[in-house]
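Colleague: Chains as they are written, first to last, in our numbering: chain A, 1 to 236; chain B, 237 to 453.
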Amino acid sequence: MINKKVANITEALEGVSDGMTFMLGGFGLSGIPENAIAELVKRGISGLTCISNNAGVDDFGLGLLLQKRQIKKMISSYVGENEEFERQMLSGELEVELIPQGTLAERCRAAQAGIPAFYTPAGYGTEVAEEKETREFNGKMYVLEHAFKADFAFVKAWKGDEAGNLIFKGTARNFNPVMCGAAKITVAEVEEMVPLGQLDPNQIHIPGIFVQRIIQGTHYEKRIEQRTVRQRSSEN
Amino acid sequence: MLDKTGIAQRIAKEVKDGYYVNLGIGIPTLVANYVRNDIEVEFQSENGVLGMGPFPFEGEEDADVINAGKQTITTLPGASFFDSALSFSMIRGQHVDLTILGAMEVAENGDIANWKIPGKMVKGMGGAMDLVASAENIIVAMMHTNRAGESKLLKRCSLPLTGVACVKKIVTNLAVIEVTSKGFKLLERAPGVSVDDIKNATEGTLLIEGDIPEMAF
Numbered sequence: 001m002i003n004k005k006v007a008n009i010t011e012a013l014e015g016v017s018d019g020m021t022f023m024l025g026g027f028g029l030s031g032i033p034e035n036a037i038a039e040l041v042k043r044g045i046s047g048l049t050c051i052s053n054n055a056g057v058d059d060f061g062l063g064l065l066l067q068k069r070q071i072k073k074m075i076s077s078y079v080g081e082n083e084e085f086e087r088q089m090l091s092g093e094l095e096v097e098l099i100p101q102g103t104l105a106e107r108c109r110a111a112q113a114g115i116p117a118f119y120t121p122a123g124y125g126t127e128v129a130e131e132k133e134t135r136e137f138n139g140k141m142y143v144l145e146h147a148f149k150a151d152f153a154f155v156k157a158w159k160g161d162e163a164g165n166l167i168f169k170g171t172a173r174n175f176n177p178v179m180c181g182a183a184k185i186t187v188a189e190v191e192e193m194v195p196l197g198q199l200d201p202n203q204i205h206i207p208g209i210f211v212q213r214i215i216q217g218t219h220y221e222k223r224i225e226q227r228t229v230r231q232r233s234s235e236n
Numbered sequence: 237m238l239d240k241t242g243i244a245q246r247i248a249k250e251v252k253d254g255y256y257v258n259l260g261i262g263i264p265t266l267v268a269n270y271v272r273n274d275i276e277v278e279f280q281s282e283n284g285v286l287g288m289g290p291f292p293f294e295g296e297e298d299a300d301v302i303n304a305g306k307q308t309i310t311t312l313p314g315a316s317f318f319d320s321a322l323s324f325s326m327i328r329g330q331h332v333d334l335t336i337l338g339a340m341e342v343a344e345n346g347d348i349a350n351w352k353i354p355g356k357m358v359k360g361m362g363g364a365m366d367l368v369a370s371a372e373n374i375i376v377a378m379m380h381t382n383r384a385g386e387s388k389l390l391k392r393c394s395l396p397l398t399g400v401a402c403v404k405k406i407v408t409n410l411a412v413i414e415v416t417s418k419g420f421k422l423l424e425r426a427p428g429v430s431v432d433d434i435k436n437a438t439e440g441t442l443l444i445e446g447d448i449p450e451m452a453f
């Protein structure tokens with residue numbers, strides 16, 4: 001067993017510096033690497049490019065890095081629900097590249113899988129495809145998209161072990177598995193670090209080979225963005 | 237004239253037995269409430285769940301189980317979770333039978349715009365560009381006119397496009413319309429709405445053939 005466990009979050013983020021490109025898992029606030037984000041805020045490094053489906057909300061998730069002006073550029077698919085983000089974007093302080101969600105996922109997966117580029121139908125005929133190579137296959141038009149290049153990927157899983165094996169929970173899975181191994185160094189934080197051998201090899205979502213550092217997260221707020229419920233009396 | 241619920245109710249009739257369906261945010265989300273009970277349908281949400289159920293009871297919300305609108309949800313027996321790449325394999329790979337989404341504008345050739353108002357609103361396209369580029373069957377749910385009273389069914393979209401020549405059907409508060417190679421074909425009127433009302437609210441070419449029936453629910 002190759003041990004990927006590191007002692008604390010400081011050690012887990014060793015090597016991060018100004019101007020780097022990071023991938024961060026999560027959809028909305030679900031499955032975001034809360035501990036890594038807190039440590040990045042604490043370190044105060046800046047000029048960062050962040051690849052993440054969303055940009056958090058004003059006071060949580062990537063919103064915390066935006067507040068401190070640590071992010072130079074965001075690469076996302078949807079950035080609503082964040083006033084500070086909008087202000088920085090409209091004032092030109094923050095560079096923003098919006099790309100289709102499936103393209104974002106596949107550009108991560110391509111980086112993970114050693115595929116430099118791929119064709120997708122998403123965005124053909126729109127401004128997303130401007131200045132990109134397009135090509136016809138079987139009578140339909142496709143756009144050439146490239147694999148991402150990133151220095152660190154910060155992902156969050158439900159359970160993990162010292163070998164770096166990961167299991168995700170519910171829709172907190174989202175972009176986390178496709179970012180594993182898609183950057184030079186993948187840092188996984190888990191809600192529950194279990195003893196080696198306790199994870200069933202049949203149930204592992206991401207094998208440890210894609211993870212360089214794994215750490216037990218110390219605190220998870222797991223904030224809910226849109227709490228929606230139904231009344232017990234109603235049938236539907 | 238229909239309200240948003242009425243639009244959702246009418247669209248629910250388009251959902252057939254055995255369909256996998258992706259619902260967008262807003263009116264489309266409401267469609268799930270009106271699908272017939274005697275057919276089997278599975279709802280996919282692009283953040284990574286197939287087999288979505290209703291909202292949870294109070295106290296049972298789980299931060300790890302949400303839909304693409306970031307709302308807390310539940311899952312039904314037979315549901316599955318998966319990562320974002322696999323989710324869009326379902327979408328781009330045309331395994332999803334029906335996509336229902338909102339729009340700011342639709343053009344008579346089926347172009348759709350729903351992600352950006354230059355200089356005013358930039359929230360992003362989310363999964364919409366992948367969905368409209370791939371789905372065989374796309375229904376748009378929207379109001380016929382915008383807040384300024386201007387038609388949202390146009391000859392050409394004025395806003396940045398989300399997808400090209402992809403919308404098949406539109407259900408608005410006034411009408412059910414099919415997108416054909418010759419323009420918008422009027423299929424049904426909303427209750428209490430005349431053909432002239434629809435004509436006046438439609439900037440694009442509107443094809444009217446014979447008597448136009450009122451929507452049935």
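Built from N, CA and C at the ideal position, the CB exists for glycine as well.
Of all the alpha helix (DSSP H) runs that stay within the bounds of the region 142 to 174 of chain A, which reach a length of 4 or more residues?
Modeller: Listed in chain order, there is nothing to give.
Colleague: At the level of alpha carbons, what is the spacing between A:Gly92 and A:Lys72?
Modeller: For A:Gly92 and A:Lys72, the distance between alpha carbons rounds to 10 angstroms.
Colleague: In whole angstroms, what is the alpha-carbon distance linking A:Ile206 and B:Phe324?
Modeller: Answer to the nearest angstrom: the Cα atoms are 18 angstroms apart.
Colleague: Rounding to the nearest angstrom, what Cα-Cα distance links A:Thr49 and A:Ala7 in this structure?
Modeller: Approximately 27 angstroms between the Cα atoms of the pair.
Colleague: So, with DSSP's three-state summary, where would you put A:Asn202?
Modeller: In the structure shown, A:Asn202 sits in a helix (DSSP, three-state: H, G or I).
Colleague: Return the bridge partner residues of A:Met1 from the DSSP annotation.
Modeller: Answer by DSSP bridge pairing: none, since A:Met1 is not bridged.
Colleague: Going by alpha carbons, who is nearest to B:Thr381 out of B:Leu286, B:Val431, B:Thr408?
Modeller: Looking at the Cα atoms, B:Thr408 is the closest of the given residues.
Colleague: Can you check DSSP and say which residues form a bridge with A:Ala188?
Modeller: Answer by DSSP bridge pairing, in chain order: A:Val155, A:Ile214.
Colleague: So, under 8 angstroms CB-CB, B:Glu445 and B:Lys391 are touching, yes? Tell me the CB distance rounded to an integer number of Å.
Modeller: No, B:Glu445 and B:Lys391 are not in contact; Cβ-Cβ is about 20 angstroms, not under 8 angstroms.
Colleague: Going residue by residue through the region 301 to 340 of chain B, where are the continuous beta strand (DSSP E) segments of at least 3 residues, counting only ones entirely within it?
Modeller: Counting whole runs of 3 or more residues, the region 301 to 340 of chain B contains the beta strand (DSSP E) stretches 311 to 317, 334 to 337.
Colleague: Any beta-carbon of chain B closer than 9 angstroms to the one on A:Asn236?
Modeller: In this predicted model, A:Asn236 has a pLDDT of only 47, less than 50, meaning its place in the structure is not dependable; the value taken from the coordinates is given anyway. Judged by the 9 angstroms Cβ criterion, A:Asn236 is in contact with chain B.
Colleague: Taking beta-carbon pairs under 7 angstroms, can you tell me which members of the region 282 to 313 of chain B lie near chain A?
Modeller: So the list reads Glu282, Asn283, Gly284, Val285, Pro290, Phe291, Pro292, Phe293, Glu294, Glu297, Asp298, Ala299, Asp300, Val301, Ile302, Gly305, Lys306, Gln307, Thr308, given in the order they occur along the chain.
Colleague: Cβ of A:Lys222 less than 9 angstroms from any chain B Cβ?
Modeller: Output row for A:Lys222: interface = yes.
Colleague: Could one say the Cβ of A:Thr186 lies closer than 9 angstroms to chain B's Cβ atoms, at least one of them?
Modeller: By this cut-off, A:Thr186 is not an interface position.
Colleague: So that I know if they touch, is there some Cβ in chain A lying closer than 9 angstroms to that of B:Asp457?
Modeller: Nothing about residue 457 of chain B can be reported from this structure: the residues present for chain B run from 237 to 453 only.
Colleague: For the beta strand (DSSP E) that A:Ile71 lies in, which residues bound it at each end?
Modeller: 71 to 76 is the extent of the beta strand (DSSP E) around A:Ile71.
Colleague: Name the chain B residues that come within less than 8 angstroms of A:Arg109, Cβ to Cβ?
Modeller: The answer, in chain order, is Ala321.
Colleague: By the criterion of Cβ-Cβ separation under 7 angstroms, what are the contact partners of A:Gly61 in chain B?
Modeller: Going along chain B, no residue has its Cβ under 7 angstroms from A:Gly61, so there is no contact; the nearest lies around 11 angstroms.
Colleague: Any contact between the region 10 to 30 of chain A and the region 151 to 161 of chain A? By contact I mean 3 or more CB pairs, one from each, below 8 angstroms.
Modeller: Because the criterion of three Cβ pairs below 8 angstroms is met, the region 10 to 30 of chain A and the region 151 to 161 of chain A touch.
Colleague: Please decide whether B:Thr398 counts as near chain A, where near means a Cβ-Cβ distance under 9 angstroms.
Modeller: Yes, B:Thr398 lies at the interface with chain A (some Cβ there is under 9 angstroms from its Cβ).
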